[in-house]
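Asks: Number 82 in this note's numbering belongs to position 22 of the sequence shown; there are no gaps in the numbering.
We put the beta carbon where it would ideally sit given N, CA and C, even for glycine.
Values in this document were obtained by computation on a predicted structure and should not be read as measured data.
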Amino acid sequence: QVQLVESGGGLVQPGGSLRVSCAASGRPFSRYTMGWFRQAPGKERELVAAINWNGQNTYYADSVKGQFTISRDYAKNTVYLQMNSLKPEDTAVYYCAADLKGFGYDYWGQGTQVTVSS
């Protein structure tokens, strides 16, 4: 079992930055891939970024390349999503998820709301 708790969401103005965090507990943090998803109202949940178990490989959706950065801190068992130059279309609930076996994301956090608005 893995427990995931997101934090750091909120309201930010267009062009601003925000970092969301996801604290993991349970299984050893260094053994699984972590991903950040988002879901906007009326839209499907989409994977925006992922980082593999050793942090050497990352993935970004085309829509956030050069804008978002995913990272992980093994000492804190935490994965981060740094979001810069935010736009209103980045407004969504952001979820972190863990892929323990390489077959898909098995565990999910509760989500944190990010709203980009002036």
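#1: So, helix, strand or coil for S85, using DSSP?
#2: In whole angstroms, give me the CA-to-CA distance for K147 and Q173.
#3: Given L107, which residues of its chain have a CB within under 8 Å of its CB, disregarding the five upstream and five downstream residues?
#4: Assuming contact is defined by CB atoms lying nearer than 9 Å, are G171 and V153 in contact in what I supplied?
#5: Please classify Y92: is it buried, with 16 or more other beta-carbons within 10 angstroms of its beta-carbon, or exposed?
#6: Rounded to a whole number of angstroms, what is the C-alpha to C-alpha distance between S177 and Q63?
#7: Taking 9 Å as the cut-off, decide whether the C-beta atoms of N114 and S90 are in contact.
#8: Given this structure, state the Cα-to-Cα distance separating V80 from Y155, to the nearest angstrom.
#9: Could you give the distance in angstroms between the alpha-carbon of D150 and the alpha-carbon of G70?
#10: Ignore the nearest five residues each way along the sequence and tell me which others in F128's own chain have a CB closer than 7 Å to its CB.
#11: Is it right to say E66 is buried, meaning 16 or more other beta carbons lie within 10 angstroms of its own, or is it exposed?
#12: What number of angstroms, rounded off, separates the C-alpha of K161 from the C-alpha of E104?
Replies: Walking through what the data contain:
#1: Position 25 of the sequence shown, counted from the first residue, corresponds to residue 85. Strand at S85.
#2: For the purposes of this step, residue 147 is identified with residue 87 of the sequence shown, where counting begins at 1. For the purposes of this step, residue 173 is identified with residue 113 of the sequence shown, where counting begins at 1. C-alpha separation (whole angstroms): 14 Å.
#3: The residue given as residue 107 occupies position 47 in the sequence shown. These residues qualify, in order along the chain: G95, W96, F97, Y119 and A121.
#4: For the purposes of this step, residue 171 is taken as residue 111 along the sequence shown, with counting starting at 1. For the purposes of this step, residue 153 is taken as residue 93 along the sequence shown, with counting starting at 1. Yes, the Cβ-Cβ distance between G171 and V153 is below 9 Å.
#5: Counted from its first residue, the sequence shown places residue 92 at position 32. By the neighbour-count rule (16 or more Cβ atoms within 10 Å), Y92 is buried.
#6: Residue mapping note: residue 177 aligns to position 117 of the sequence shown, counting from 1. Residue mapping note: residue 63 aligns to position 3 of the sequence shown, counting from 1. Per the coordinates, the alpha-carbon of S177 lies some 31 Å from the alpha-carbon of Q63.
#7: Looking up residue 114 in the sequence shown gives position 54. Looking up residue 90 in the sequence shown gives position 30. Yes, Cβ-Cβ distance for N114 and S90 is below 9 Å.
#8: In the sequence shown, counting from the first residue as 1, residue 80 sits at position 20. In the sequence shown, counting from the first residue as 1, residue 155 sits at position 95. About 10 Å.
#9: Position 90 of the sequence shown, counting from 1, holds the residue named residue 150. Position 10 of the sequence shown, counting from 1, holds the residue named residue 70. So the two alpha carbons sit approximately 12 Å from each other.
#10: By one-based count along the sequence shown, residue 128 stands at place 68. Closer than 7 Å at Cβ, skipping near neighbours: V108, A109, Y120, L141, Q142 and M143.
#11: What you label residue 66 is simply residue 6 of the sequence shown in a count that begins at 1. Buried, since its Cβ has 16 or more Cβ neighbours within 10 Å.
#12: Numbered from 1 along the sequence shown, position 101 holds the residue referred to as residue 161. Numbered from 1 along the sequence shown, position 44 holds the residue referred to as residue 104. Those two C-alpha atoms are separated by around 24 Å.
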